[in-house]
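Residue numbers (mature numbering (1 follows the signal peptide of the UniProt record, and there is no 0)): -21 to -1, 1 to 332. The structure appears below as structure tokens.
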Amino acid sequence: MTINKLTLMTCMGLVTAPVLATSQLDYEIANWKGFQDAAVVLAFDDYSPGQKDIAIPQLIKRDMAATIFVTTDTAEWLGWDTIVEGHNAGIEMANHTVLHHDFNYDYTDWQGITRPPVGPDRYDDEVKVASDRIEANTGKRPTTFAFPFGSYNRSIQQYLHDTGFIAARGWDPAKYVVNPYDFATSEGVYYELSSTNAYILQDLDKFEFVLDFALDSGGLYILTWHSIVGPDGGADWSEVVPQGIFENQLDIVKSKDDAWVTTLEKAIKYHRQKAVAEVELVSVDAKAMTLNLKDGLADEVYDEPLTLKVKVPTQFGVSKVEQGGKVIPFTWDDQSIIFDAVPDRGDIVVHNW
């Protein structure tokens, strides 16, 4: 975590005429919300029947965030009710195209019909239309995307960037992948994120070992499921994980207090904002210290609260913290206060007693 130095005037505590003296204040912006060790995203591709009947209800039962990459033709077939229920519970409904066709290669569908790769002339039909359908049913337009079959090229990446997506995820079914914290060596890397296949981690000891490794790494860990089936079996799609194992996997993730289990959208927003955010001192006197948090990103997109740790002057007691006139909860850590604030949403005022 980067420690920044701000020069400010600290009150020396004289009752009749406070004397201000120059000192140094440290602040940190946490790598992940709440100073959690790493961000963990539970991702589900395709919106298969098991995701509708098992995954979303089990996530809601545990109050766990996740990201469902919805293939919208499947949603039309299975119905949108569970998607809406999941959205209302805080689960992200992201874009996985309309028909799940490949962007690079011919694709033979379940009817045995060979479909050509999706070229630029069909991007709107597959991506924009899918976003339109998701927004029409949930009220929120997707900002993240998963490539069908993990197949992508520079053309579709550029299209996603230019049409408002903040990230896109690839797929390698045979690898354990943890994105290190400094994975974004360029803007394009946000549009080729890697994930780990939960299907190859049905050994629960191995599942927990890889999860612990991801937490120790401090980066972004995306776990992806495709199909989940109940104890009676039933028709589902590729890489089937039995419900009992799936629930155990969720419980292991839930048990990790040092994991920020969140949506891909929130994780990417936080990561992008933290990379460029700065805190400036606006003013300080015996009554209050005023700070400004800014990131220079588009406010209509980047609205994720960042976790700040700010050291206050020795003689400074804190009665409340406000941003834009709204009270912000805070906690103490020695001589520092920890709180969440959104960049570019107004001054942060730390009130002295």
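All C-beta atoms in this analysis are idealised placements derived from N, C-alpha and C, irrespective of residue type, glycine included.
Inter-residue distance for glutamine 15 and threonine 142 is about 31 Å (C-alpha atoms, whole angstroms). Distance from the CA atom of valine 280 to the CA atom of leucine 199, rounded to whole angstroms, is 20 Å.
DSSP, read as helix, strand or coil, puts aspartate 191 in helix. Taking a cut-off of 8 Å for Cβ pairs, the region 205 to 222 and the region 26 to 37 touch, as three or more such pairs fall below it.
Contact annotation, alanine 163 with glutamine 228: C-beta distance approximately 27 Å; criterion of less than 8 Å not satisfied. For valine 63, no beta strand (DSSP E) encloses it; the enclosing alpha helix (DSSP H) starts and ends at 60 to 67.
Nearest C-alpha to alanine 125 among Phe309, Thr51, Asp42: Thr51. With a cut-off of 8 Å on Cβ pairs, the region 309 to 328 is in contact with the region 279 to 299, counting three or more such pairs. Note on geometry: alpha-carbon atoms of glutamine 222 and lysine 40 lie some 14 Å from one another.
Where proline 221 is concerned, the enclosing beta strand (DSSP E) starts and stops at 219 to 221. Where arginine 148 is concerned, there is no enclosing alpha helix (DSSP H), although the beta strand (DSSP E) around it starts and stops at 146 to 148. Taking C-beta atoms under 8 Å as the contact rule, threonine 123 and alanine 147 qualify, at a distance of about 7 Å.
Per DSSP, the unbroken beta strand (DSSP E) holding aspartate 319 starts and ends at 315 to 320.
Aspartate 312 and lysine 299 have their C-alpha atoms spaced approximately 15 Å apart. In terms of Cβ geometry, alanine 265 and alanine 17 do not form a close pair [threshold 8 Å]. If you check the CB distance, alanine 45 and threonine 242 come in under 8 Å. Residue burial annotation: valine 49 is buried, with at least 16 other C-beta atoms found within 10 angstroms of its C-beta. Taking 8 Å as the cut-off, the Cβ atoms of valine 108 and valine 77 count as close. Taking 8 Å as the cut-off, the Cβ atoms of valine 258 and leucine 276 do not count as close.
Under the DSSP definition of a beta bridge, aspartate 184 lacks any partner.
Judged by their CB atoms, valine 329 and valine 297 are nearer to each other than the 8 Å cut-off.
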